[in-house]
Amino acid sequence: MSKQKSRNTRIEMELRKALFARGLRYRVHRRPVKGVRREADVVFGPAKVAVFVDGCFWHGCPEHATWPKNNADFWRTKIETNRRRDLDTDARLADAGWLAVRVWEHEAVEAAAARVHEIVLDRRPG
1 MSKQKSRNTR IEMELRKALF ARGLRYRVHR RPVKGVRREA DVVFGPAKVA VFVDGCFWHG
61 CPEHATWPKN NADFWRTKIE TNRRRDLDTD ARLADAGWLA VRVWEHEAVE AAAARVHEIV
121 LDRRPG
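Using UniProt numbering, the first residue of the sequence shown is number 1, and each one after it goes up by one.
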């Protein structure tokens, strides 16, 4: 598992490229809120939008999640813990005035970029 890429994955890079092409500027792999040890994949500071690109396996995608047969209890616990942490992260960010946006790895990049673009524009100050 140590060889599993957790940063700069293909979908993450494609999403960032699409967002940049739409004129959005952002920070990558940042903690949006001090004191909350959760790192977003793409952060739009002034708009207070944090984008998380979630892998279908690791975050239990409702469409594509699979439950391994080998070491099943371990994997079910691991994935369900990830889901709970995602919900907790979203709540903590919301309490601090941020919006967490979740993009699944199976989503079409252009559709995800359009959704994020619209959200960021709606939340920009001024």
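Positions of the beta carbon are idealized from the N, C-alpha and C atoms, including for glycine.
Who are the Cβ neighbours of residue i in its own chain at under 8 Å, not counting the five residues just before and after it?
{"i": "Leu24", "result": "Phe44, Val116, His117, Val120"}
{"i": "Val36", "result": "Thr89, Arg92, Leu93, Ala96"}
Please name the residue in the options whose C-alpha comes closest to that of residue i.
{"i": "Glu63", "options": "Asn70, Ala100, His106, Ala94", "result": "His106"}
{"i": "Asp122", "options": "Glu110, Leu99, Ala111", "result": "Leu99"}
{"i": "Pro32", "options": "Ser6, Asp88, Gly126, Ala96", "result": "Ala96"}
Alpha carbon to alpha carbon, what distance is there between residue j and residue i?
{"i": "Ile11", "j": "Val53", "result": "8 Å"}
{"i": "Leu15", "j": "Lys48", "result": "18 Å"}
{"i": "Trp75", "j": "Arg84", "result": "14 Å"}
{"i": "Trp58", "j": "Pro125", "result": "34 Å"}
{"i": "Ser2", "j": "Asn70", "result": "Residue confidence is low: Ser2 scores 48 on pLDDT, short of 50, so the model does not pin down where it sits. Its coordinate-derived value is still stated next. Those two C-alpha atoms are separated by around 18 Å."}
{"i": "Val51", "j": "Ala112", "result": "10 Å"}
{"i": "Ala72", "j": "Ala114", "result": "37 Å"}
Mind checking whether residue i and residue j have CB atoms under 8 Å apart?
{"i": "Val103", "j": "Ala18", "result": "no"}
{"i": "Thr89", "j": "Arg38", "result": "yes"}
{"i": "Ile79", "j": "Gly55", "result": "no"}
Tell me which residues share the same chain as residue i and place their Cβ nearer than 7 Å to its Cβ, disregarding the 5 neighbours each side in the sequence.
{"i": "His29", "result": "Arg7, Glu39, Asp41"}
{"i": "Trp67", "result": "Trp75, Arg76"}
{"i": "Pro46", "result": "Arg124, Pro125"}
Quick one: residues in its chain with C-beta nearer than 6 Å to the C-beta of residue i, no 5 flanking neighbours on either side, listed in chain order?
{"i": "Arg27", "result": "Val43"}
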